[in-house]
């Protein structure tokens with residue numbers, strides 16, 4: 003060590019940076035006998051030992067200054083590492099991992115150096131679960147990095163596993179809290195459809211929903227940008243006008259009263275196609291009105307003038323005179339609108355000519371004869387006259403006031419019911435009153451009853467209580483609380499149906515406690531038995547399996563003639579029906595991998611080369627795959643196509659897909675400077691090119707995991723057809739995993755997954771569905787629920803229903819709790 007200029011003390015900087023031999027403190031060695039060294043800043047005990055050395059070596063006048071510094075550093079360290087990293091683990095990470103994952107530009111973007119406590123590790127449990135898997139399987143560190151000996155590898159793996167999973171699940175597990183979550187586009191659309199009977203599709207105008215953890219129903223990413231709020235306002239107006247028929251929005255009903263159907267009496271003829279009153283007379287027309295309403299008798303007429311007064315015409319409804327009207331023009335037709343209240347039933351409209359005049363001696367021949375000519379008569383009923391209310395209108399306006407005095411009570415009844423349905427719970431204080439005020443102000447301002455109800459409905463549609471899944475906050479003292487029955491009903495409905503609770507579910511929540519497990523299980527069984535549960539497949543499974551890109555991929559039209567969007571849509575439909583079959587029949591989730599059946603229409607059966615072909619492309623039939631090369635998800639066209647490139651298969655994409663979606667072990671992203679395979683100077687078959695690519699050590703650690711899995715599917719081309727040769731070369735579908743499993747082809751890979759990787763698959767499916775059900779990513783504490791669900795599955799033959807029951811009965815689904823910082 004260097005000395006100070008006086009020669010009687012060591013440099014404090016040198017002392018503070020000196021590694022201390024761990025056995026000097028606790029006299030411990032590794033199994034190989036080599037000392038375990040720990041950096042000073044990681045080891046408070048070493049700091050105290052070093053202080054003792056300093057006291058012996060340093061000028062006594064400096065002792066207090068150095069002691070103060072050491073105590074300060076020790077105190078700071080103690081605060082930082084409360085529940086901190088085990089010193090031996092810290093040393094292993096520093097020696098063997100930080101070279102790649104501990105600087106400003108770490109490999110795969112993973113910086114392990116900033117994890118200084120167990121809490122930090124648990125907060126990023128997904129990352130550290132990957133680290134644990136890499137360490138356990140021997141793929142980390144890579145070959146070119148400092149090697150972990152057997153003792154270090156076992157010790158590090160055991161410590162990480164304990165840090166992640168040592169949790170007391172016998173006590174009440176921490177259920178966590180939930181970010182208030184907006185309905186995504188599909189949930190909004192389905193809710194409007196089921197509440198208002200309106201198939202409103204906002205997808206064309208609403209901005210796309212962001213995704214998190216692979217799903218588009220994650221509360222943390224479903225923001226409400228201003229443009230979406232504008233879309234909600236616009237949608238609320240359009241929806242309300244489509245649902246409620248207001249007179250202001252409808253075209254008035256016009257009925258032409260044909261001239262040849264009038265009954266004539268007196269001096270009238272119809273020779274010219276008009277009612278020509280050449281003398282006093284009357285014309286009558288009988289009508290039938292289905293309901294009482296306001297109307298207009300619109301008369302187009304002209305008066306042939308003579309004498310000293312204009313032509314006079316009177317209009318009657320039955321025996322009641324509605325008015326007398328003067329026609330002053332001599333040659334130009336006038337329109338006379340006669341307003342009336344038209345009662346329900348049969349009525350007679352009469353027109354009379356009241357002041358006939360004739361003077362043969364008048365000097366002007368045009369002024370000798372006064373006549374009335376009626377060219378046409380039209381009955382204009384009000385906008386809703388003769389219009390039958392739509393099912394949507396009758397569904398919403400289920401109480402119809404008969405007179406103005408009854409309207410406010412009717413509106414109050416309607417709004418009380420609909421706010422409860424839209425907000426998915428009983429009404430709160432003043433909620434209905436505020437909406438009723440909107441109705442009353444519009445009605446007082448002259449709008450119709452129906453228009454005023456439209457405004458109230460618009461207010462409901464843009465309320466955060468509808469647009470969001472609102473829950474009461476968890477208690478501030480950190481104690482857990484059960485969801486209310488209505489909150490639980492909402493969570494159930496959007497999980498299993500992707501829509502709002504139906505009336506039966508809300509009634510159950512009102513009359514019974516959904517937290518009662520018997521009630522909860524009965525309701526879940528009912529919900530799964532209904533067709534709306536197909537949404538669970540179409541939204542969870544499609545996103546879990548990453549099938550949405552099928553709508554946009556474009557396989558090379560030269561290499562793959564005839565592969566179009568209808569065929570790709572058939573592939574997606576096959577997977578949806580396959581997953582639905584397993585759910586509806588309550589089969590084992592392992593059947594997702596092992597099933598020997600699928601669903602095809604004629605086009606897809608021909609594409610696969612199956613002998614059993616449905617009669618047309620509209621009909622999908624369940625067909626057996628026994629004796630074929632296919633079985634389970636891995637060989638379905640949807641999976642194979644979405645994990646390929648436009649011109650060829652991609653073992654990397656397929657292997658990555660299996661790791662990520664079936665085993666829950668997503669590899670890190672590729673290095674930013676790695677060129678695509680096609681741009682590299684590689685030769686030989688695809689497998690040979692990949693082997694050359696893997697020679698780069700920085701690439702090998704990931705490709706050694708992905709490529710063998712992907713190559714096992716090489717007998718299926720980029721659009722899912724079976725093949726034995728690729729460009730004239732025999733397909734080599736063999737693979738070997740770093741953990742030692744060897745297989746050839748999809749069938750053997752499937753067996754490896756079912757026999758060796760079953761636990762990983764079941765846990766992956768459980769975690770994926772938990773994320774979807776909760777609308778959030780999983781936390782460290784959720785492992786208690788995941789562990790319990792996987793145990794339930796194993797004990798019940800892995801039945802699909804047990805996966806659903808396990809999730810909805812778990813604390814994270816049924817409870818909320820704030821985590822208080824200690």
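Numbering (our numbering), first residue to last: 3 to 824.
Ideal Cβ placement from N, Cα and C applies to all residues, glycine included.
A quick note: this is a predicted structure, and the numbers were derived from the prediction, not measured.
Residue i and residue j closer than 8 Å at C-beta
i           : j           : result
residue 534 : residue 486 : no
residue 509 : residue 648 : no
residue 797 : residue 175 : no
residue 267 : residue 284 : yes
residue 514 : residue 492 : no
residue 381 : residue 257 : yes
residue 473 : residue 180 : yes
residue 763 : residue 735 : no
residue 494 : residue 529 : yes
residue 212 : residue 545 : no
residue 748 : residue 592 : no
residue 831 : residue 469 : Examination of residue 831 is not possible in this model, given that the chain is present from 3 through 824 alone.
residue 280 : residue 304 : no
residue 441 : residue 478 : no
residue 794 : residue 482 : no
Residue i, buried or exposed, once every other Cβ within 10 Å from all chains shown has been counted against 16
i           : result
residue 103 : buried
residue 669 : buried
residue 861 : Because residue 861 is not part of the residues shown, which for the chain are 3 to 824, the question remains open.
residue 231 : exposed
residue 706 : buried
residue 525 : buried
residue 337 : exposed
residue 710 : buried
residue 816 : buried
residue 581 : buried
residue 322 : exposed
residue 759 : buried
Helix, strand or coil at residue i [DSSP, three-state]
i           : result
residue 377 : strand
residue 258 : strand
residue 306 : strand
residue 264 : coil
residue 180 : coil
residue 607 : helix
residue 57  : Any reading at residue 57 must be qualified, since the residue scores a pLDDT of 47, below 50, and its modelled position is unreliable; the value itself is stated next. Three-state DSSP puts residue 57 in a helix.
residue 585 : helix
residue 30  : With a pLDDT of only 36 at residue 30, under the threshold of 50, the placement of this residue in the model should not be trusted, and no figure is reported.
residue 341 : strand
residue 348 : strand
residue 598 : coil
residue 355 : strand
residue 724 : strand
residue 484 : strand
residue 382 : strand
residue 142 : coil
residue 64  : Unreliable placement is indicated for residue 64, whose pLDDT of 44 sits below 50; no coordinate value is reported for it.
Inter-residue Cα distance where the pair is residue i and residue j
i           : j           : result
residue 384 : residue 550 : 49 Å
residue 457 : residue 405 : 20 Å
residue 750 : residue 743 : 10 Å
residue 559 : residue 565 : 7 Å
residue 134 : residue 761 : 16 Å
residue 40  : residue 95  : Unreliable positioning characterises residue 40 in this predicted model, as indicated by a pLDDT of 38, which lies under 50. A coordinate reading is not provided.
residue 480 : residue 769 : 25 Å
residue 294 : residue 214 : 57 Å
residue 583 : residue 663 : 20 Å
residue 719 : residue 755 : 21 Å
residue 616 : residue 575 : 15 Å
residue 126 : residue 243 : 49 Å
residue 55  : residue 89  : Residue placement at residue 55 cannot be trusted, given a pLDDT of 48 that sits under 50; what the coordinates show is reported in the next sentence. Going from the Cα of residue 55 to the Cα of residue 89 covers about 21 Å.
residue 426 : residue 505 : 10 Å
residue 151 : residue 689 : 32 Å
residue 401 : residue 453 : 15 Å
residue 436 : residue 543 : 42 Å
Any contact of the stretch 601-611 with the stretch 622-637, i.e. 3+ C-beta pairs under 8 Å?
-> yes
Determine contact between the stretch 241-258 and the stretch 796-812, defined as no fewer than three beta-carbon pairs at a distance below 8 Å.
-> no
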